[in-house]
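Just below is one structure, and these are the notes that go with it.
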Amino acid sequence: MQATTASARATIEAFHARLAAAEKQQHQAWEQQDQQQFQDMYSPCNSSSTFHDLQCGHRIQTEYTASCGGLCARPVQGYPFVCPTCLIDVVRAEVALEGLTLKLNHNEAVEGAGSSQESEVRRVAEQYIAAMLRRGYRACKAVAKFDEPRLQFFDEFMRQDGFGGVEEECNKEEPVTPRKRPGTATAKKAKQNGSDQTPRTLDFRDSATGNAPPERKKKADMNQAAGGAMGGNPSQSVETWVNLPPESAATEAVRKAMEAFSLL
């Protein structure tokens, strides 16, 4: 009787042990599958992801999952994606070049003539994007690039909630309260000899080219030569002639144009 009872208990315990082992194994398999799906979703250039790495080094994101194209880091046969980050630089350069050409041709910018720089940025962005989409390029948006899929997830999550993203939040600097070094509070100033008791304040604008380092002299000479060649004020720097539009304006123009043409 006792042997029969022990055998029955052993059979039941072995059955439950096998069930527990099978359930644990299945749970581990589900966890690995979920982890792999998460990795695929926030890693570039795979069938489960909306992210793609391009040959230019930038990362883009599509609205839905899409196959790779001819400009992806691992190119395949297919329509390429537009790189918004590269296009922003091109738009700024185009608008700056048009403004510089206008100044060179007319000796100076005519006040009120033509459209504003902001409208020029929008016009050039729309022109480029419309032409590229007609040629088969696919619309997308620029995103920050992270090697760790979890960081890519948090960056997207923060932006959807209206925050600046992982990079912007990490780059925010907290104000640092200046602290005195030990002993500086009790240090006494040495008395000055002579009638002039007021220390001379150094003016960095004095002798801008006379006592300047060789690099500053070279830049000042270049600006003066450029000013004479362009018929402008010799004191103006080259940067005042090559007036790049703000990056924020170009970014907004490219984003709006991309969204507008994608809906057509």
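So in full-length UniProt numbering, the last one in the sequence shown is 264, and the numbering has no gaps at all. Don't be surprised by glycine CBs; every beta carbon is placed ideally from N, CA and C.
Residue i - partner residues in DSSP beta bridges
i	result
H52	I60
DSSP-derived helix/strand/coil call for residue i
i	result
F153	helix
T4	helix
C72	strand
K141	strand
F163	coil
A225	Only weak support is given to the placement of A225: the predicted model assigns it a pLDDT of 42, under 50, and the question is left unresolved by the model.
F81	strand
A66	coil
L104	helix
E148	coil
C45	coil
L97	helix
E215	Below a pLDDT of 50, predicted positions are generally treated as unreliable, and E215, at 49, falls in that range; the measurement from the model is reported next regardless. Note: E215 maps to helix in three-state DSSP.
L87	helix
Own chain partners of residue i with C-beta closer than 7 Å, once the 5 adjacent residues on each side are dropped
i	result
C56	C83, C86
Y64	T50
N243	A96, G99
Residues of its chain near residue i, where Cβ-Cβ distance is below 8 Å and the 5 sequence neighbours each way are ignored
i	result
L71	L54, Q55, C56, P80, F81, C83
Q39	P149
M258	V82, P84, I129, A139, C140, K141
Q77	G70
R255	P84, K141
residue 265	With the chain represented from 1 up to 264, any question about residue 265 goes unanswered, as that position is not in the structure.
Residue range of the unbroken alpha helix (DSSP H) whose run includes residue i
i	result
A257	247-262
E126	117-134
Other residues of its chain near residue i: CB distance less than 6 Å, five sequence neighbours each side excluded
i	result
Y42	P149, Q152, F153
E126	A257
K145	R59
Would you call the region 86-103 and the region 244-252 touching, i.e. three or more CB-CB distances under 8 Å? yes
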